[in-house]
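Novice: In mature numbering (1 follows the signal peptide of the UniProt record, and there is no 0), the protein residues as written are -23 to -1, 1 to 128. Beta carbons: idealized from backbone N, C-alpha and C, even for Gly.
1) Decide if residue -5 is buried, meaning its Cβ has at least 16 other Cβ atoms within 10 Å, or exposed.
2) If we count the other Cβ atoms within 10 Å of its Cβ and call it buried at 16 or more, is residue 13 buried or exposed?
3) List the residues that DSSP assigns as beta-bridge partners of residue 123.
4) Run the CB neighbour count on residue 71, radius 10 Å, all protein chains shown included, and call it buried at 16 or more, exposed below.
5) Who are the Cβ neighbours of residue 73 in its own chain at under 6 Å, not counting the five residues just before and after it?
6) DSSP on residue 41, reduced to helix/strand/coil?
7) Taking only three categories from DSSP, how would you classify residue 9?
8) Look up residue 108 in the DSSP assignment and say whether it is helix, strand or coil.
9) With distance defined between alpha-carbon atoms, name the residue in 49, 109, 104 and 117 nearest to residue 98.
10) Mark residue 82 as exposed unless 16 or more other C-beta atoms lie within 10 angstroms of its C-beta, in which case mark it buried.
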């Protein structure tokens, strides 16, 4: 009987490693995607057009886009008047702090931080990210929380 249990354990072991590897891979993909999307979103410019804004807005659900829109509405005059091009810099790499199911769909809570030298501002983000099957992106931001501080 002990040899049988050992055989079953050894047979199941590769499947365990495969599932663990895939879990780590999905977390890494979510983190990489979150960093890229926020970098693209925060790289605003005085020359941005409505099409430029729409190209990043597609990665956010309306509830997640609203805080970003509010953030930029306060800065838009400054960016336009001083003809600024923002160069956000990753301050804290994206980290999955929790993973679970949101309405039956796998979701990730991801924290990361950027600073924007042109605005003298640090921004800490907490994103709730869902997978998506439509559009060009593998994920979408469902909700977004920001903590702003000036330096």
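Specialist: The structure says:
1) Counting from 1 along the chain shown, the entry for residue -5 is found at position 19. For residue -5, the pLDDT reaches just 38, beneath the cut-off of 50, and the residue's location in the model is therefore unreliable, although a value from the coordinates is still provided. Classification for residue -5: exposed.
2) The sequence position of residue 13 within the chain shown is 36, counting from 1. When all chains shown are included, residue 13 counts as exposed.
3) Taking the first residue of the chain shown as position 1, residue 123 is located at position 146. According to DSSP, which records beta bridges pairwise, residue 123 is partnered with 102.
4) Within the chain shown, numbered from 1, the residue matching residue 71 stands at position 94. Buried is the call here.
5) Here residue 73 refers to the residue found at position 96 when the chain shown is read from its first residue. Hits under 6 Å: 4, 85 and 87.
6) As a position in the chain shown, residue 41 is number 64, starting the count at 1. Residue 41: helix per DSSP, three-state reduction.
7) Position 32 of the chain shown holds residue 9. Reduced to three states, the DSSP call for residue 9 is helix.
8) On the chain shown, position 131 is the one that residue 108 refers to. Taken through DSSP and simplified to helix, strand or coil, residue 108 comes out as strand.
9) Numbered from 1 along the chain shown, position 121 holds the residue referred to as residue 98. Checking every option, the nearest Cα to that of residue 98 belongs to 49.
10) Against the chain shown, residue 82 aligns to sequence position 105. Label assigned to residue 82: exposed.
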